[in-house]
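**Q** Here you go, one structure.
Numbering (our numbering), first residue to last: -17 to 719.
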């Protein structure tokens, strides 16, 4: 008898001997993720992570092997040895790793161990210990993983059917009607998500009040890592909330740890009124923003809570009118079909609601925010008052759990909840506008469970006119924690024992590291948004950046007076193309000689030509190198005359797109985001078929599917913010591919 196998993809499962244990994962496939993913800063970092994809049984679920239908032929170890089969061959035939190891042990000791143990030689495409598994597609594991991740974005309307969602099952937490559920990232995020208690935040105070050592960096949520891990790899944060690195990633199709093990930090950002919704993939979205999760999780949850079946006490007429009046469909495009006069607000809408809705009702029927906040609508106006009002209908009461908000006085009780009049919270009438205003208030009024005894210790700040206290590290961190906001304007912020705090030179204020270079000016003169690369206080630079075409020393003075000497003065005889600048992705020579014939952008151009976007045809073409740097613009965006915008807007490395027939330089991250910024609209020309909520270049670096547009890559490569400020000594050339 000859043992044969057909050529195909190899699937070697691990832990196949655990299938009889109902609490352990088993039958795992190891996926080696070696792909490169771009980060927001423009760098590329090679990753190699082993990711386990396993069968994780439900509690008390046991597999009966006797009922499994083996799709293959059975051979004993003794038969395999007689045919001189090696353990390596078993691996090539998709044998489980555990079994291949046992077989090798048997070969080493054939007279003692496993002579009657069997190997199931599976018929393609089956695999596993009993040949009980197969994939729908005849592809490699790598292709299957990528295809599975991509399908969730491509078919977001069927996200529930495709994924059955991902829920954290280890807490007794009800977040609303199915399929709404708790994501592990919702635990200890500062906002309550469970409507049957506060279990998701119950013991988080222990994490909050933890104190890290002097040689450690503290996450925003209280956890600690060694200080040497701080800002050591932008593409791979060590903190769960990513607060140790500056970076943003496209997580919808990235299975690596930086996305799968990434939380969103705190669940609400008061300064921006950003209510975090965890999408289940490491990329959160703002509730109320026009952007949905890549996999459609937010719209699915929103549609669920507002569905007619989950608001059973309203008539179809009342429910339909409320959906239209609150403009829910317009914000989320959740596809609920209604037919009411409230598609346009006005007296007809108000009269319709008054006629068809109960005197007092909650909408939606489930909590709208933080697991315990309800909105009640009341029909206590006369019909004449209703007809006279053209304003959109608004809630009459806001109801909440007084134990969670002890600092907020109530005026009435409804269905066991303490309530206040809505007008004191918000003047808005659309659903998401109301939600953001409510979140801003309840975030500060909600207790954080820090006891009065803790408040007496060093390292705590007592909020003014309140018994609430917070950790000193929460001062001036961009999150309003005190009712009066005193924690964000406190004079004590510079007494915090934190070497990473940014000291404002224009006022007595020291900012959390989270606010440094976050895009918002928090110091009086905005010095917290001046990067070290453009700071006028630079006293020393790397040798490799001397005479490299970029001003590092005295930049701010040079902007005011171009006669000021800098590190780029008297560089006429310095070679601009050298081992430090050659093919690094930035034009260090005025004519781009250091980037000629590099592999940064694949093209069909000759070695003495640059790839560019031709202004006549608006397509990729080739420009002779002799025409680069001649002070005559020959390409879209001025990609052949890069020193012009660099000198004109030296303090803003992102303003590197030169408008056609103009002296104006615009921000590459604003392209395709705002209305045309160039006088003749050339920046908007290649956006005709695509409009990006966050701008072309931000989305290009975060969404792999845009890599297929080389003209996008060319325009986004004009930015110079990611140029390294430190260049180490080198003996050989380096390429930036």
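For every residue, glycine included, the Cβ atom is placed at its ideal position computed from N, Cα and C.
1. Using only the alpha-carbon positions, how far apart do residue 607 and residue 587 sit?
2. For residue 77, which beta-bridge partners are listed by DSSP?
3. Give the secondary structure of residue 598 by DSSP, where H, G and I count as helix, E and B as strand, and everything else as coil.
4. Considering only residues of the same chain and omitting the five flanking positions on each side of residue 88, which have a CB-CB separation below 8 Å?
5. What residue range does the alpha helix (DSSP H) around residue 437 cover?
6. Can the beta-carbon of residue 534 be found less than 8 Å from the beta-carbon of residue 707?
7. Residue 593 and residue 604 - do their beta-carbons sit closer together than 8 Å?
8. Can you give me the start and stop residues for the alpha helix (DSSP H) that residue 415 sits inside?
9. Which residues mark the beginning and the end of the alpha helix (DSSP H) in which residue 191 is found?
10. Among 600, 129, 261, which residue has its Cα nearest to the Cα of residue 119?
11. Could you give the residue range of the alpha helix (DSSP H) that holds residue 58?
12. List the whole-angstrom C-beta distance separating residue 732 from residue 334, where the pair is believed to meet the contact cut-off of C-beta under 8 Å.
13. So if DSSP puts residue 8 in a beta bridge, which residue, or which two residues, is it bridged to?
14. From residue 664 to residue 610, what distance separates their C-alpha atoms?
15. Tell me where the beta strand (DSSP E) around residue 168 begins and ends.
16. First and last residue of the beta strand (DSSP E) that includes residue 395?
17. Leaving out five residues on either side along the sequence, give the residues of the same chain with a beta carbon under 6 Å from the beta carbon of residue 256.
18. Apart from the five residues on each side of it in sequence, which residues of its chain come closer than 6 Å, Cβ to Cβ, to residue 262?
19. Cα-Cα, which of 697, 10, 187 is closest to residue 431?
20. Any beta-carbon of chain B closer than 8 Å to the one on residue 40?
21. How would you label residue 208, buried or exposed, when you count the other beta carbons within 10 angstroms and need 16 or more for buried?
22. Residue 637 bridges to which residues according to DSSP?
23. Where does residue 196 land, buried or exposed, given buried means 16+ other C-beta within 10 angstroms?
24. Check for me: the alpha helix (DSSP H) holding residue 283 runs from which residue to which?
25. Should residue 86 go down as buried or exposed, given a rule of 16 or more other Cβ atoms within 10 Å for buried?
26. Identify which residue in 530, 590, 541, 619 has its Cα closest to the Cα of residue 634.
27. Can you list the alpha helix (DSSP H) stretches of 4 or more residues lying completely in the stretch 203 to 275, in chain order?
28. Straight-line CA distance for residue 625 to residue 418?
29. In angstroms, rounded to a whole number, what distance separates the CA positions of residue 283 and residue 219?
30. I need the DSSP call for residue 111, collapsed to helix, strand or coil.
31. Determine, using beta-carbon pairs with one atom in the stretch 295 to 305 and one in the stretch 165 to 183, whether at least three such pairs fall under 8 Å.
32. For the alpha helix (DSSP H) that residue 628 lies in, which residues bound it at each end?
33. In angstroms with no decimal places, state the Cα-to-Cα distance between residue 566 and residue 577.
34. Residue 190 to residue 400, Cα distance in whole Å?
35. Shortest alpha-carbon distance to residue 569 belongs to which of 536, 629, 602?
36. On the DSSP letters alone, give me the boundaries of the alpha helix (DSSP H) that residue 298 sits inside.
**A** Let me spell this out:
1. Roughly 11 Å separates the two Cα atoms.
2. None, per the DSSP bridge assignment.
3. coil
4. 59, 63, 95, 96, 97, 99
5. Per DSSP, the unbroken alpha helix (DSSP H) holding residue 437 starts and ends at 434 to 437.
6. yes
7. For residue 604 and residue 593, yes; Cβs fall inside 8 Å.
8. 413 to 427
9. Per DSSP, residue 191 belongs to no alpha helix (DSSP H) and is neither H nor E.
10. 129
11. Where residue 58 is concerned, there is no enclosing alpha helix (DSSP H), although the beta strand (DSSP E) it sits in stretches over 54 to 58.
12. The chain is shown only over -17 to 719; residue 732 falls outside these bounds and no answer can be derived.
13. 37
14. 21 Å
15. In the DSSP annotation of this structure, residue 168 is not part of any beta strand (DSSP E), being labelled neither H nor E.
16. 394 to 396
17. 268
18. 148, 165, 279
19. 187
20. The question asks about chain B, but that chain is absent: this structure has only one protein chain.
21. So residue 208 counts as exposed.
22. 649
23. exposed
24. 279 to 288
25. The residue in question, residue 86, is exposed, as its Cβ has fewer than 16 Cβ neighbours within 10 Å.
26. 541
27. Fully contained in the stretch 203 to 275 are the following alpha helix (DSSP H) runs of length 4 or more, in chain order: 239 to 242.
28. About 44 Å.
29. Note on geometry: alpha-carbon atoms of residue 283 and residue 219 lie some 29 Å from one another.
30. coil
31. Taking a cut-off of 8 Å on C-beta distances, the stretch 295 to 305 does not touch the stretch 165 to 183, as fewer than three cross pairs fall below it.
32. Note, residue 628: alpha helix (DSSP H), 624 to 630.
33. 7 Å
34. 28 Å
35. 629
36. 298 to 307 is the extent of the alpha helix (DSSP H) around residue 298.
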